[in-house]
Every structure is written in C-alpha cells, then in structure tokens.
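Below: the structure, in structure tokens.
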Amino acid sequence: MKKLKFIIFAILVVFFIFPVNSLQAEELKTYDKLTLVDEDYQNDSLLRVYKDKDGNVVFHSIFIQSELSDTIKASEDQVLTAKKLLLAFYMKFDLTNKMNELLHKSFPKSNPRTDLEVKTIEISPDYLDRLEETESISLAYAKDQKAKFEQLSEAEQEAQKGYTFYYYDYGEEYLGTTEEYIKRLDVEIKESTDQSITISWTANNTNVPGGILYMYVSLDSKWSECFPVGAVSPCRIKVDGEQQFTLDNLEPSTTHKIRIGGGVFSEDSTASKSVEATTEPKSKNEKEKSKGDDVSLKNHITVDPNITKNTATLPMNVIDLLANEGLLTVNLEKMSNKENSTIQFSQEEMDELLQRKATIQLNHSEVELSVPSNVLQNSKVTKINLDKLEAVNGALSAVFDFSITQGNEVVSQFDQPITLRFPVDQELVKDTNNLAIYFLNEETNEWEKIGGTYKDGNVTATVNHFSTYTVFEESVEETTSNEGSTINDSGVTGKKLPNTASNAMNFLMLGLLFSLLAIALVVYQKKRGRA
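Reminder that position 249 of the sequence shown reads as 249 in full-length UniProt numbering, one-by-one numbering, no gaps.
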C-alpha cells in the first residue's frame with residue numbers, strides 16, 4: 001500500500017513540477033588563468049585572443065571609437081595604430097593609472113557585462129616581443145599627445161573635456177561626470193509652431209574624436225515621446241556638436257516642459273536641463289484655407305503614419321490637404337506583424353475630420369476598415385484598435401476584434417455603417433457564393449452571419465457595431481441541416497465557436513484527473529484494509 005502511494009505521488013510531482021525545474025540558469029564561466037597569444041583589429045575593436053589551460057581559445061574585445069576606424073584601417077599596422085590611439089586617448093586625460101590594465105590586462109577580473117571571470121592573465125612567450133614592441137611605441141605616442149594637450153590653454157582643455165565617455169569593457173566612467181557635461185550643454189528653442197516645438201543643444205566636444213554621450217529628451221515627464229530617426233534606441237541620441245529634435249503632434253497654445261538629459265550606463269541617474277516652450281495658436285487663415293475650395297485640396301490622400309511601438313499617428317498637417325467629404329487612407333502595412341495595432345487621432349485632427357465629413361480608411365494587410373468620421377460622437381482624442389486574435393478552425397481569413405475609444409468612452413454602436421473588407425485564402429475556398437463575414441455573439445458564444453460580397457479575393461460587408469469578425473464559407477450541408485449549429489432569432493444559421501483551448505488547459509485537466517484517481521485509490525485501499 002505504501003509503495004502504491006509513493007508511485008502515485010511521484011507521478012503527480014513529475015507531472016506538475018517538471019516544466020518548472022527544466023529551466024536551469026547558466027553558470028558563470030570562471031578561469032584561473034588565461035594566456036594572451038595574439039591581437040587583431042576587427043569591427044572597431046581591439047580583439048585579444050587568449051587560451052585557457054586546456055588550449056581552448058577565448059576572445060575579448062576593447063571597443064575603440066568608430067570615428068577613428070578610417071584612420072586605423074588605412075594604416076599598415078592596424079593593431080599598433082589602434083593601441084596608440086586608445087592609450088593616447090586616456091593618457092591625455094591623466095588616466096595613466098589605467099595604462100598597465102589597459103595594455104596588459106584588458107580582461108578585468110570580474111566583468112559584469114559578460115559571463116566570464118578571470119583570476120590571472122599571462123602573456124605567451126611567443127607573443128611577448130611583439131606585445132612589448134607595440135606597447136613601447138604606443139606609450140611614446142601617448143606621452144607626446146599628452147604633452148601637446150598640456151600646452152593648450154585652460155579654456156581649450158575644458159572645451160575638450162566637456163563630455164562623458166563610457167568605456168564598455170571596464171564598465172567605468174571616464175573623463176568627468178555627466179553633471180559636468182550637462183553644465184556645458186547649451187539648450188535653446190529653435191522653432192515653435194501650433195503643433196510642434198523644435199529644440200537644439202550644442203555639445204562642446206566636436207574637436208575630440210569619440211566624444212559620445214547618450215542624450216534623452218522628454219516631454220512633460222514622458223520619455224516615450226522621444227523616438228528620433230536614427231537613434232541608437234528610443235530616447236537615446238548620439239551627440240556630435242549641435243543636435244536638433246522636433247516634438248510634434250502637440251496641441252496649439254499649450255506650454256510644455258521639455259527636459260534634456262544625459263547619462264552613461266554605469267550611473268544610477270542622469271543629469272538634465274529643463275526648458276519651457278509654448279506652441280503657437282492655430283492660425284485662422286490656415287484653418288479657413290484648409291476648409292475652403294482651394295484647388296490644391298485632394299479628394300483622396302494616402303499617408304504612411306508615424307509608428308511608435310503599436311501606435312500609429314498622422315504626419316503633421318496632412319489633413320489640411322484633404323478636401324470636404326474626402327477619403328483619408330492610412331497605410332498600416334508596416335504594423336501587419338503586430339498582434340495589436342492602434343491608430344490615434346488628436347483632438348484637433350478629429351475636429352478637422354468631422355468638419356470635412358471625411359472618411360477614414362485603414363489599410364492593413366489582413367483587413368481593411370472604412371469609417372465615416374461622422375459616426376464618431378465628438379472630437380476627443382480617438383483611438384481605433386485592431387486586435388488580431390488566434391486563428392479559428394474553418395475561418396478563411398484572419399480573426400480581428402475591433403474597437404473605438406474617444407477619450408475614456410468606448411464607441412460600439414454606429415448610426416452609419418462601417419465597411420469591413422477581408423482578404424481570404426482562395427486555395428481553401430470551394431464556392432465563393434457561400435463566403436460571408438461573421439461576428440462572434442459574446443452572449444451565446446456563437447458565430448452569426450453578417451453576409452457580404454466576394455470580389456477579387458476579398459469579402460466585403462457593412463456593420464453597425466464593433467465585435468470580433470472573420471470569414472467563413474457556409475457549405476450546402478450547413479444551409480440544409482442545422483446539425484452542429486443553432487438558429488438565431490432572425491433565422492440566420494450561426495456557427496458555434498470552434499474549440500481553441502490550448503494544450504496547457506488540456507494538461508491541466510489531465511493533471512486534475514490524475515489527482516482524483518490517486519485520491520480514489522487511497523480511499524479504496526483504506527476501506528479494503530478495514531474490511
């Protein structure tokens with residue numbers, strides 16, 4: 001009896017616990033000793049080649065400013081040139097205490113940005129002569145550069161010291177602090193319109209190769225407003241002399257607080273400067289011109305929106321070119337790989353669209369929506385959401401859940417119809433006459449037929465409310481027999497929602513079944529023992 005209990009308990013433990021214990025953390029690689037055997041210059045880095053006690057090769061690189069790459073690549077001895085410039089760069093700023101570590105022991109004993117830890121570094125006797133030669137020449141060059149630097153005036157030296165540089169391999173900060181850099185940063189408002197503010201900042205380090213700092217721009221304490229073109233990553237801008245950044249999609253006659261900040265990865269915080277700027281009021285002349293019968297106005301405009309993560313916004317002033325009752329097509333093809341896509345219109349944009357009685361058409365690779373602007377209730381900030389759901393058995397198109405929010409209100413019913421157009425998988429279609437768009441009735445959990453027409457690989461229908469939609473093909477058997485389906489009040493045959501339960505749920509139910517079986521066996525054995 002005890003043996004049986006143990007077996008059942010073991011089965012349950014393995015079944016539930018195994019998936020958690022199967023994820024094992026990687027261990028830190030530790031070397032008692034590495035031997036330097038060679039050096040090379042690759043990908044803007046001084047590459048060092050080591051061997052461990054078993055002869056396995058271990059690589060490590062020291063990043064060198066990319067601004068120096070052309071000089072290094074044009075030299076006859078790239079390794080020597082890289083070491084000269086690297087050492088000179090640091091000795092120029094009185095960091096001589098780093099010389100030995102920089103040239104002889106470039107692999108720190110504990111590097112937080114790698115999975116390696118090294119206790120001792122030696123130099124191969126076969127490479128010792130070459131290493132001493134390059135380091136001797138590099139040291140002489142660095143001392144000469146340092147002497148020239150010391151001959152500069154204090155103002156010239158300060159201009160070159162006015163930045164922070166992060167040296168990747170050591171995880172340390174060189175050449176002053178972020179605060180020193182920000183103190184030397186000149187920030188000004190370059191231009192202000194009714195919808196945008198352009199700022200600029202000047203860094204006093206343009207004469208120093210590799211003077212790099214990562215800058216941040218925030219609008220009203222929201223870092224997410226900053227996504228500059230060509231940035232290393234969102235809200236980080238490579239500084240090189242005067243830089244400009246434009247914050248757009250702003251409201252007219254509004255004062256904003258703009259913060260320019262900087263920092264390095266090794267610091268816990270950033271330093272910053274703040275400026276305030278006010279957008280201009282909306283020009284009445286421009287408003288009237290955009291609403292009038294100007295010959296430059298167009299009946300149909302197609303735009304590629306600005307995309308930030310899962311949200312698309314319109315380029316500035318694009319609606320000003322749209323004629324009354326015109327069609328504004330927003331191309332969302334670039335968001336087709338996202339499960340959730342949102343197009344957001346500002347309050348001013350909605351006001352302009354409503355006054356023009358324009359139609360908004362959203363072109364997604366797997367669905368197309370045409371929304372008359374006057375079905376929306378007001379000119380509040382409006383979001384149209386396209387959420388792609390998991391595929392459904394039998395569906396011949398993608399499955400989408402649509403929704404509209406204005407301010408904090410959800411708009412689900414419309415006085416005028418909205419047009420949906422779904423492309424279908426034509427290889428799976430048997431009879432195009434039986435294709436129709438269906439919506440999911442959330443109360444009955446059934447698919448109900450909307451209808452639609454087929455043309456050129458697409459099924460089109462109009463709807464008066466938003467829900468979950470897809471395309472099915474209704475077979476002859478379905479129209480003559482209601483087996484496996486139900487009839488709604490309007491007499492339309494509705495398909496039951498296919499089973500889309502995941503394997504995880506199946507495993508959970510199986511585990512529950514095992515548990516109940518184990519309990520039943522234990523109770524049975526107890527009763528049998530008493531008998």
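All C-beta atoms, glycine included, are put in the ideal place defined by N, C-alpha and C.
The DSSP assignment places complete alpha helix (DSSP H) segments of no fewer than 4 residues inside the region 342–428 at 347–356, in order along the chain. Note: residue 40 is bridge-paired with 47 in the DSSP secondary-structure output. In the three-state DSSP reduction, residue 64 falls in the coil class, being neither helix nor strand. Here residue 194 carries a coil assignment [DSSP, helix/strand/coil]. Residue environment analysis places residue 385 among the buried positions, since at least 16 neighbouring C-beta atoms fall within 10 angstroms of its C-beta. Taken through DSSP and simplified to helix, strand or coil, residue 302 comes out as strand. For residue 150, the enclosing alpha helix (DSSP H) covers residues 125–150. Counting C-beta atoms within 10 angstroms of its own C-beta, residue 458 has 16 or more neighbours from the protein chains shown and is therefore classed as buried. Annotation: the continuous beta strand (DSSP E) that includes residue 449 extends over 446–451. In this structure, the beta-carbon distance from residue 327 to residue 359 falls below 8 Å. The beta carbon of residue 345 lies closer than 6 Å to those of 382 in the same chain, with the five residues before and after it left out. Residue 43 and residue 69 have their C-alpha atoms spaced approximately 9 Å apart. Residue 84 is positioned such that its CB atom lies no closer than 8 Å to that of residue 41. Residue burial is scored here from C-beta neighbours: residue 135 has at least 16 other C-beta atoms within 10 angstroms and is therefore classed as buried. Contact check for residue 192 against residue 255 fails: the beta carbons are separated by 8 Å or more. Boundaries around residue 437 are those of the beta strand (DSSP E), 435–441, since no alpha helix (DSSP H) includes it. Contact between the region 389–407 and the region 466–474 is established, with three or more Cβ pairs separated by less than 8 Å. Secondary structure note for residue 329: its beta strand (DSSP E) is the uninterrupted segment 322–331. In this structure, the CA atom of residue 373 is about 25 Å from the CA atom of residue 440.
Rounded to the nearest whole angstrom, the C-alpha separation of residue 281 and residue 414 is 33 Å.
Look at residue 250 here: in three-state DSSP terms it is coil, with no helix or strand label.
Our two residues, residue 77 and residue 36, have alpha carbons roughly 19 Å apart in a direct line. Of 304, 515, 443 and 157, the smallest CA-CA separation from residue 361 is found for 304.
Straight-line measurement puts the Cα of residue 342 at about 12 Å from the Cα of residue 314.
Under the DSSP definition of a beta bridge, residue 340 partners with 387.
Residue range 468–473 is occupied by the beta strand (DSSP E) that includes residue 468.
Residue environment analysis places residue 456 among the exposed positions, since fewer than 16 neighbouring C-beta atoms fall within 10 angstroms of its C-beta.
Nearest neighbour of residue 436 by Cα position, chosen from 55, 62, 394 and 59, turns out to be 394. For the pair residue 355 and residue 376, the CB atoms are not nearer than the 8 Å cut-off. Taken through DSSP and simplified to helix, strand or coil, residue 276 comes out as strand.
Within the same chain, 334 and 335 come within 7 Å of residue 307 by CB-CB distance, once the 5 residues on both sides are set aside. When C-alpha distances from residue 357 are compared across 257, 300, 397 and 431, the shortest belongs to 300.
The DSSP-derived three-state label of residue 188 is strand.
Cβ neighbours of residue 248 within its own chain (closer than 7 Å, five residues either side excluded): 195, 196 and 316. Counting along the chain, residue 460 sits inside the beta strand (DSSP E) bounded by residues 458–465.
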